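In what follows, a single structure is set out as structure tokens and then discussed.
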Amino acid sequence: MNNDDLWMLKDLPSAITALETLCDGLQHSLSDDGALSGQEDNHGLRVQWQKLLGNLSPAHTHNKASNSNEATLIDALQAQLTFLKRHQQQQQEQQQQSREQLLQAAHFLQEADYAEERLSGLITALEGNGHIIYYLYPLLECYQQAVSVCAQQRQQERARQQEICQRLLTLIDELSYTGDVGNEINSIKQLLLAQSDHTNLPAHCLRLIALVIEGSRLERQLSSRFLLRLNNNLESMQTQCLTSVSEGKRIVSARQIQDASLVEEIHAIDRHLSGHLDTSLAQSIVAHLNGLKTVAQQHAQLQQREAALLSQLESLENEVGKLKQQTSDYRRRLTSQNEKLMIDGLTQIYNRTALDERLKVDFARWQKTQSPLCIVLLDVDFFKKINDQYGHLAGDKALRLIARTLRNSLKESDFIARFGGEEFAILMLDVDPILLHRPLHQLRQKIEAIPFSFKQERVTITVSIGATLLQPGDTITTALERADQALYRAKNAGRNQLVIA
Ligand SMILES: Nc1nc2c(ncn2[C@@H]2O[C@H](COP(=O)(O)OP(=O)(O)OP(=O)(O)O)[C@@H](O)[C@H]2O)c(=O)[nH]1
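First residue of the sequence shown: 3, per our numbering; consecutive thereafter.
Have a look at this one:
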């Protein structure tokens, strides 16, 4: 679990408490408002209050409609509260999953030499995504067992394969992704159910791991959008709260002035009549005067209730402000986590997922504008030798340095990603096709000139480069294939070469 997850977990309870307080405040204030709504002269304040609670346009001031809007707002807040609670619970459950177990399994796979090319990238991705460990650890374990069982290919391993297959099916049933990810998980399930030969279990496991990572990324995006909506609602509520509070204050002070002059009038009449108490007219006026005094007292009581309601509104407004702050912090962290899911942990440049997304965007733009788009693939030459001779850590260091050189040598607008283990991809926008050769040639030379030294030994590392410009009729796949063929030709031409197809 990374720092952002921990922060979010730490902040969620206070966000939930704030939402609960807000719901209570709304319900409490609603009942007070109901009690006051019978008073004719309280109309102005009530209308403001209804606008605030209804979070709607001022046209919705009819009592019945307003009540149902208030209920809807409380329902919406309560639904959001339930969502946050569930989210918190899920995060706590996931936190309980052992990170050590994951790393143990991951390192087992690394040491066991079953590693396919993408495995170390996968492990880096897993280490950076503690929140999905819940599903990934069992999947990794299945992968580990499947690889070892399928590698042996013996007849007696059939039963074991069947057992792993069964475990995978159970895990799949626990996954609740929808959309494309859900559909693909379901197709894997159908394949597992239909096939009696399970030699391709490792491939299924790897695909499921990739799908769980993708599914979790999409879920984060949804959470982000939900928070954005919540934040916008709170913002509009807060504005209306402020309007209501100031309107309420104006009403209270107007009422105070009115009451003071009413009392003054009563006293004036009282003083005037004090010398004429014997006449029947005077007696009748005194009776009316007493009636007026009662009304004045009722006014005073009403004024107190209004003041109490105003102070409640003020504290509600503070709650909304706090909640708004919390949700925007939460959204900022989610956004930064989403960004991290797009970054390759080893080299800190974009990863394959980010490249896929960017390719879609750039390709759509190219289709619309036809302005030149170039796909460049770079592959480190004889990289296996570096690993074998100087160790994996030396290999990792080389990849980091190459990534840094790419970043420092290319334009800000060029998109650079780690495509696979020792392969990089670059997307260049608006390049001049005639001048394309020069910067790529210089890039190849710059990498060749990096002063690598491992175990105090000077080592030269080179890359082969294949590049292509998008051509009419291309799809992303055909363009990528052409770049790959160019890279293949660069390798075949003796490596440390540039081929533009
Ligand atoms: N250190 C390190 N090695 C990696 C990483 N990802 C992949 N590799 C290794 O990169 C090596 C790639 O080997 P090959 O595909 O045979 O390619 P090569 O040795 O570069 O040979 P050519 O590409 O044909 O020049 C494999 O040994 C992988 O284990 C990584 O993140 N770190």
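By construction, the Cβ of each residue, glycine as well, lies at the ideal position given by its N, Cα and C atoms.
What you are looking at is a predicted structure, and each value in this text was computed from that prediction instead of being measured.
Distance from the C-beta of residue 353 to the nearest heavy atom of ligand 1 is not below 6 Å.
No Cβ-Cβ contact shorter than 7 Å links residue 376 with residue 481. In the three-state DSSP reduction, residue 416 falls in the coil class, being neither helix nor strand.
Here the stretch 312-320 lies against the stretch 246-266, with 3 or more beta-carbon pairs under 8 Å apart. At the C-beta level, residue 429 and residue 421 stay beyond 7 Å of one another. For residue 360, same chain residues with a beta-carbon under 7 Å away, outside a window of 5 residues either side, are 417 and 429 in chain order. Distances from the CA of residue 498 to each of 445, 486, 471 and 485 were compared; the closest alpha carbon is that of 445. Contact annotation: the stretch 227-236 does not touch the stretch 288-302, with fewer than three C-beta pairs closer than 8 Å. Residue environment: residue 257 is assigned as buried (16 or more neighbouring CB atoms within 10 Å of its CB, all protein chains considered).
Taking a 10 Å sphere around the C-beta of residue 353, we find 16 or more other C-beta atoms and assign the residue as buried. Residue 174 places its beta carbon 7 Å or farther from that of residue 144. Straight-line measurement puts the Cα of residue 503 at about 50 Å from the Cα of residue 161. Linking residue 238 to residue 406 through their CA atoms gives a straight-line distance of about 45 Å.
Between residue 236 and residue 325, the C-beta gap is smaller than 7 Å, which places the two residues in contact.
Between the alpha carbons of residue 241 and residue 194 lies a gap of roughly 55 Å. Restricting attention to alpha helix (DSSP H) runs no shorter than 4 residues, the stretch 374-427 encloses them at 385-392 and 394-411, ordered along the chain. Minimum Cα-Cα distance from residue 225 among the listed residues 339, 302 and 303 corresponds to 339. Remark: the C-beta of residue 424 is in contact range of ligand 1, defined as less than 6 Å to any heavy atom. By alpha-carbon distance to residue 477, the top candidate from 454, 364 and 393 is 364.
Around the beta-carbon of residue 474, fewer than 16 other beta-carbon atoms lie within 10 Å, marking it exposed. In the structure shown, residue 178 falls within a coil segment according to DSSP collapsed to helix, strand and coil. The Cβ atoms of residue 464 and residue 398 do not sit closer than 7 Å to each other. Not one heavy atom of ligand 1 lies closer than 6 Å to the C-beta of residue 494. 424 is the residue among 321, 388, 178 and 424 whose C-alpha sits nearest the C-alpha of residue 381. Within a 10 Å sphere around the beta-carbon of residue 266 sit fewer than 16 other beta-carbons, which makes this residue exposed.
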